[in-house]
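Chains as they are written, first to last, in my numbering: chain A, 1 to 199; chain F, 1001 to 1199.
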């Protein structure tokens, strides 16, 4: 299809598609004439992915570019790729933070190894600091409650990875982390509402 | 304390405090002289809360203002207040969306009442649409997996509300929804990492 057809099929304006092309986020189509390039289903898929990350997920373009670079990297190591993917998600904090005592203490309480270099460690530190600043409770029992909710979920989420190639696993893990998060939050908000109504 | 001491105690620059005052987000201190006002611990708390919502949570100032207005409203109904609070969190979508078929279908599969007017319904719709655009899976079994993780958690989170006044319950529910979300996401990211390393 031509770029105008790609625009129609994706619902994304031509000017935006041209911007993605200039930024290297979208691969150029096959040139078929001096002023004409042909786009295929892989381009349509890519435009959908960019839309999901910028639109629904609301990530800044620079972060979307980082995520695309991770999944385009053929030789990526899964854990390293997941670390880079997580660093492209909010909260955006310097890694490692000068002190991440709260997160380290939580990790100890949960019996998990603490790696201050892993971006999610500094993100946990920032999240706990946010609770503290807002006067909301955080202690080992509360940490356990959240950990017990996310660990079995994370296990089910990552199960398909065992039958994937490294490249597939990276894309699945990085995109899955980013794009199931809004689902989890929306369902938790709906659960709160349902429970509050029963009050 | 004077505004300069409030700045020192909170770590927030005087110019920012003055901005909060102008915007009505922070109550003016007790005027003790023509050019002097006295601030107390409630001001320090409020500055911490604003910092948690803008900094860690990364909410736009307009949304922080909305959240503060909700918790400052003395006669708020809990469910209505939670709805307004949720609408101040991303993803920002028009409520109700023209169609929220995906979210309605998920709600049916989970056996929960679907209210398209509740902001989290449109947010769920947007989240599922994001998965679809990125080519990630969503079906009733997957929905059930997420619901089973968030519902018991939401129940534990809302338990303290039963012994609170309406006003306390509103602040707890609205701030808790906003500020435990980054904790949940950070812990899920850490759980993924731990499981990927075991792969």
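For every residue, glycine included, the Cβ atom is placed at its ideal position computed from N, Cα and C.
Partner residues on chain A for residue i, Cβ-Cβ distance less than 9 Å
{"i": "residue 1174 of chain F", "result": "The premise fails here: residue 1174 of chain F is roughly 10 Å from chain A at the closest Cβ pair, so nothing lies under 9 Å."}
{"i": "residue 1082 of chain F", "result": "189, 192, 193 and 196"}
Limits of the beta strand (DSSP E) - the one that residue i falls within
{"i": "residue 1031 of chain F", "result": "1030-1033"}
{"i": "residue 1038 of chain F", "result": "1036-1038"}
Opening and closing residue of the alpha helix (DSSP H) in which residue i lies
{"i": "residue 114 of chain A", "result": "Run containing residue 114 of chain A: none; DSSP gives neither H nor E here."}
{"i": "residue 1147 of chain F", "result": "1140-1158"}
{"i": "residue 197 of chain A", "result": "166-198"}
{"i": "residue 1075 of chain F", "result": "That residue, residue 1075 of chain F, is in no alpha helix (DSSP H); it is neither H nor E in DSSP."}
{"i": "residue 1005 of chain F", "result": "1003-1010"}
{"i": "residue 1041 of chain F", "result": "1041-1051"}
Chain-ordered neighbours of residue i on chain A, where CB pairs are closer than 8 Å
{"i": "residue 1112 of chain F", "result": "190 and 194"}
{"i": "residue 1128 of chain F", "result": "183"}
{"i": "residue 1058 of chain F", "result": "90, 91 and 92"}
{"i": "residue 1017 of chain F", "result": "Within 8 Å Cβ-Cβ: nothing; residue 1017 of chain F doesn't reach chain A, min ~15 Å."}
{"i": "residue 1061 of chain F", "result": "Within chain A, no residue comes near residue 1061 of chain F; the closest Cβ sits about 16 Å away, beyond 8 Å."}
Interface partners of residue i on chain F, CB under 7 Å
{"i": "residue 203 of chain A", "result": "The structure shown does not extend to residue 203 of chain A, since chain A is modelled only from 1 through 199, so no value can be given for it."}
{"i": "residue 202 of chain A", "result": "Coverage of chain A is limited to positions 1 through 199, which leaves residue 202 of chain A absent and any answer about it impossible."}
{"i": "residue 26 of chain A", "result": "Within 7 Å Cβ-Cβ: nothing; residue 26 of chain A doesn't reach chain F, min ~14 Å."}
{"i": "residue 45 of chain A", "result": "1135"}
Chain-ordered neighbours of residue i on chain F, where CB pairs are closer than 8 Å
{"i": "residue 118 of chain A", "result": "1190 and 1193"}
{"i": "residue 146 of chain A", "result": "1153, 1180, 1183, 1184 and 1187"}
{"i": "residue 38 of chain A", "result": "What residue 38 of chain A touches in chain F: nothing, since even the nearest Cβ is about 22 Å away."}
{"i": "residue 150 of chain A", "result": "1149, 1184, 1187, 1188 and 1191"}
{"i": "residue 170 of chain A", "result": "Going along chain F, no residue has its Cβ under 8 Å from residue 170 of chain A, so there is no contact; the nearest lies around 10 Å."}
{"i": "residue 177 of chain A", "result": "1188, 1189 and 1192"}
{"i": "residue 68 of chain A", "result": "Ordered by position in chain F, no residue passes the 8 Å Cβ test against residue 68 of chain A, which lies about 11 Å from the chain."}
Whole-angstrom C-beta distance between residue j and residue i, which should lie under 8 Å
{"i": "residue 85 of chain A", "j": "residue 178 of chain A", "result": "7 Å"}
{"i": "residue 1064 of chain F", "j": "residue 1053 of chain F", "result": "5 Å"}
{"i": "residue 1071 of chain F", "j": "residue 1170 of chain F", "result": "6 Å"}
{"i": "residue 100 of chain A", "j": "residue 122 of chain A", "result": "6 Å"}
{"i": "residue 1196 of chain F", "j": "residue 82 of chain A", "result": "6 Å"}
{"i": "residue 1091 of chain F", "j": "residue 58 of chain A", "result": "6 Å"}
{"i": "residue 1176 of chain F", "j": "residue 136 of chain A", "result": "6 Å"}
{"i": "residue 1183 of chain F", "j": "residue 110 of chain A", "result": "Residue 1183 of chain F to residue 110 of chain A, Cβ: 12 Å. No contact."}
{"i": "residue 181 of chain A", "j": "residue 1145 of chain F", "result": "Incorrect: roughly 15 Å between the Cβ atoms, too far for contact."}
{"i": "residue 1194 of chain F", "j": "residue 112 of chain A", "result": "6 Å"}
Which of helix, strand or coil DSSP assigns to residue i
{"i": "residue 99 of chain A", "result": "coil"}
{"i": "residue 92 of chain A", "result": "coil"}
{"i": "residue 22 of chain A", "result": "helix"}
{"i": "residue 83 of chain A", "result": "helix"}
{"i": "residue 1126 of chain F", "result": "helix"}
{"i": "residue 1136 of chain F", "result": "coil"}
{"i": "residue 57 of chain A", "result": "coil"}
{"i": "residue 1066 of chain F", "result": "helix"}
Within chain F, partners of residue i - CB distance below 9 Å
{"i": "residue 48 of chain A", "result": "1132, 1133, 1134 and 1135"}
Chain A residues whose Cβ lies nearer than 7 Å to that of residue i
{"i": "residue 1079 of chain F", "result": "193, 196 and 197"}
{"i": "residue 1086 of chain F", "result": "189"}
{"i": "residue 1006 of chain F", "result": "Those within 7 Å of residue 1006 of chain F in chain A number zero; the least Cβ separation is about 14 Å."}
Distance cut-off 7 Å: residue i Cβ against heavy atoms of the ligand GDP
{"i": "residue 1084 of chain F", "result": "Absence of the ligand GDP from the depicted structure is noted, as is the absence of any ligand whatsoever, leaving it without description."}
Sufficient close CB pairs (3 or more, under 8 Å) joining the segment 91-110 of chain A to the segment 125-136 of chain A: yes
The segment 1006-1019 of chain F / the segment 1040-1047 of chain F touching (three or more Cβ pairs under 8 Å): yes
Any 3 or more C-beta pairs closer than 8 Å across the segment 184-192 of chain A and the segment 1116-1125 of chain F: yes
Inter-stretch contact at 8 Å, needing at least 3 Cβ pairs: the segment 1142-1154 of chain F / the segment 1021-1039 of chain F: no
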